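Engineer: Following the working numbering, the numbering of the sequence shown begins with 428 at its first residue and continues without gaps.
Before anything else, here's the structure in question.
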Amino acid sequence: MSQTPKELKLAVLIDADNVPYSNVKGMMEEIAKYGTPTTKRIYADWTKPNANGWKTVLLEHAITPIQQYSYTVGKNSSDSAMIIDAMDLLYSDKVDGFCIVSSDSDFTRLAIRLRESGMKVIGIGEKKTPNSFIVACDRFIYIEVLDGAIKKKLPKSKLFEENKKLVDPSDSPQTKQKVAEKILEKPEQKPLNKIDTQTIELIEDTLDAIGDEDGWAFLGDVGNLIVKKKPEFDPRNYGFSKLTPMLKSLTDILEIDERESDKKGIKHVFVRLRYS
Numbered sequence: 428m429s430q431t432p433k434e435l436k437l438a439v440l441i442d443a444d445n446v447p448y449s450n451v452k453g454m455m456e457e458i459a460k461y462g463t464p465t466t467k468r469i470y471a472d473w474t475k476p477n478a479n480g481w482k483t484v485l486l487e488h489a490i491t492p493i494q495q496y497s498y499t500v501g502k503n504s505s506d507s508a509m510i511i512d513a514m515d516l517l518y519s520d521k522v523d524g525f526c527i528v529s530s531d532s533d534f535t536r537l538a539i540r541l542r543e544s545g546m547k548v549i550g551i552g553e554k555k556t557p558n559s560f561i562v563a564c565d566r567f568i569y570i571e572v573l574d575g576a577i578k579k580k581l582p583k584s585k586l587f588e589e590n591k592k593l594v595d596p597s598d599s600p601q602t603k604q605k606v607a608e609k610i611l612e613k614p615e616q617k618p619l620n621k622i623d624t625q626t627i628e629l630i631e632d633t634l635d636a637i638g639d640e641d642g643w644a645f646l647g648d649v650g651n652l653i654v655k656k657k658p659e660f661d662p663r664n665y666g667f668s669k670l671t672p673m674l675k676s677l678t679d680i681l682e683i684d685e686r687e688s689d690k691k692g693i694k695h696v697f698v699r700l701r702y703s
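Here's what the structure looks like:
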């Protein structure tokens, strides 16, 4: 019996030199969508002063810190330790996949090797991540997207505290509350990219490849194939929470059909190219 994505046991290996601790909550929530993180390790030289902010975050998320001294100035010493641990975990047969959190191209060969052994590999890194590492993963998620999602979910009180500078101290409590609500309604996550020609062509090619005789394709199949072709594809990169609203914004070239399913209240979404 094949495993569903939620049944996957994942090893999460984090390069602390390439990710701020403020992003960890969003990362762990995202990783939970793909499986259960049974191993969680983070690598850094914890003797450095800038590592102090990590303590609370690691305790909250039960992440094991791995000490890696900086033997060479200017060189990330965590890389080799992460690679060695990844190979040990691979041969332990205790995990089904890996989540590598880094923006470093040095992990490209590791990602390729893990996939060759049948492992699912999810990459998480900054927008600056080299394309070689991105395409070596089954899926790649930008940290900037996760940071925007976390800000959107902040409670009003928290969001208000983070935006005090927008409020006049002399305002009444009612006015301050209205300002806080306005802040909450404001889109916190700006699109990283507009829907460019290359992405539109990718969508068109995918629909051509899997559409039926009338051109219709199930939305889930469309999304899966797009990610296989372009691991970093994510509707959130373009300011959309899901694939459906993203494609609905392209009604000049696409048709959307929402069909009733066997389950009450659930519709299956199909899409095809709009032919003139």
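A virtual CB, placed ideally from N, CA and C, is assigned to each residue, including glycine.
Because the structure is a prediction, the values reported are computed rather than measured.
In three-state DSSP terms, what is Val572?
Structural biologist: Position 145 of the sequence shown, counting from 1, holds the residue named residue 572. In this structure, Val572 counts as helix in the three-state DSSP scheme.
Engineer: Please determine, among Gly642, Thr633, Gly647, the residue with the shortest C-alpha to C-alpha distance to Lys656.
Structural biologist: Residue 656 sits at position 229 when you count from the first residue of the sequence shown. Of the candidates Gly642, Thr633, Gly647, the one whose C-alpha sits nearest the C-alpha of Lys656 is Thr633.
Engineer: One question on the structure: do Ser519 and Phe560 come within less than 8 Å of each other, judged by their Cβ atoms?
Structural biologist: One-based indexing of the sequence shown puts residue 519 at position 92. One-based indexing of the sequence shown puts residue 560 at position 133. No; because the gap between Cβ atoms is not below 8 Å, this pair is not in contact.
Engineer: Helix, strand or coil, according to DSSP, for Lys613 in the structure here?
Structural biologist: By 1-based counting over the sequence shown, the position of residue 613 is 186. Note that Lys613 has pLDDT 45, beneath the 50 cutoff, so the model's placement of it is unreliable and the number below is only indicative. Lys613: coil per DSSP, three-state reduction.
Engineer: Quick check: the Cα distance between Ala644 and Leu486, rounded to an integer number of angstroms?
Structural biologist: Position 217 of the sequence shown holds residue 644. Position 59 of the sequence shown holds residue 486. Cα to Cα, Ala644 sits roughly 45 Å from Leu486.
Engineer: Express the C-alpha separation of Arg663 and Leu435 in angstroms, rounding to a whole number.
Structural biologist: Taking the first residue of the sequence shown as position 1, residue 435 is located at position 8. Taking the first residue of the sequence shown as position 1, residue 663 is located at position 236. Taking the straight line from one Cα to the other gives about 24 Å.
Engineer: By Cβ distance below 6 Å, which residues in the same chain neighbour Thr491 in space, the five residues on each side in sequence not counted?
Structural biologist: Looking up residue 491 in the sequence shown gives position 64. Contacts found: Arg468.
Engineer: For a test of the three-state rule: what should DSSP assign to Phe560, helix, strand or coil?
Structural biologist: Taking the first residue of the sequence shown as 1, we reach residue 560 at position 133. Of the three classes helix, strand and coil, the one that applies to Phe560 here is helix, per DSSP.
Engineer: Under DSSP, the beta strand (DSSP E) around Asp533 begins and ends at which residues?
Structural biologist: Reading the sequence shown from its first residue, position 106 is the one you call residue 533. Here Asp533 belongs to no beta strand (DSSP E), and DSSP marks it neither H nor E.
Engineer: Which term fits Ala538, buried or exposed, when burial requires 16 or more other beta carbons within 10 angstroms of its beta carbon?
Structural biologist: Mapped onto the sequence shown, residue 538 falls at position 111. Looking at its Cβ environment, which holds 16 or more other Cβ atoms inside 10 Å, Ala538 is buried.
Engineer: Can we say the region 466 to 482 touches the region 549 to 560, given the rule of at least three CB pairs closer than 8 Å?
Structural biologist: No, the region 466 to 482 does not touch the region 549 to 560.
Engineer: Given a cut-off of 8 Å, decide if Val696 and Glu682 are closer than it, judged by their beta-carbon atoms.
Structural biologist: Mapped onto the sequence shown, residue 682 falls at position 255. Mapped onto the sequence shown, residue 696 falls at position 269. Not closer than 8 Å, so no.
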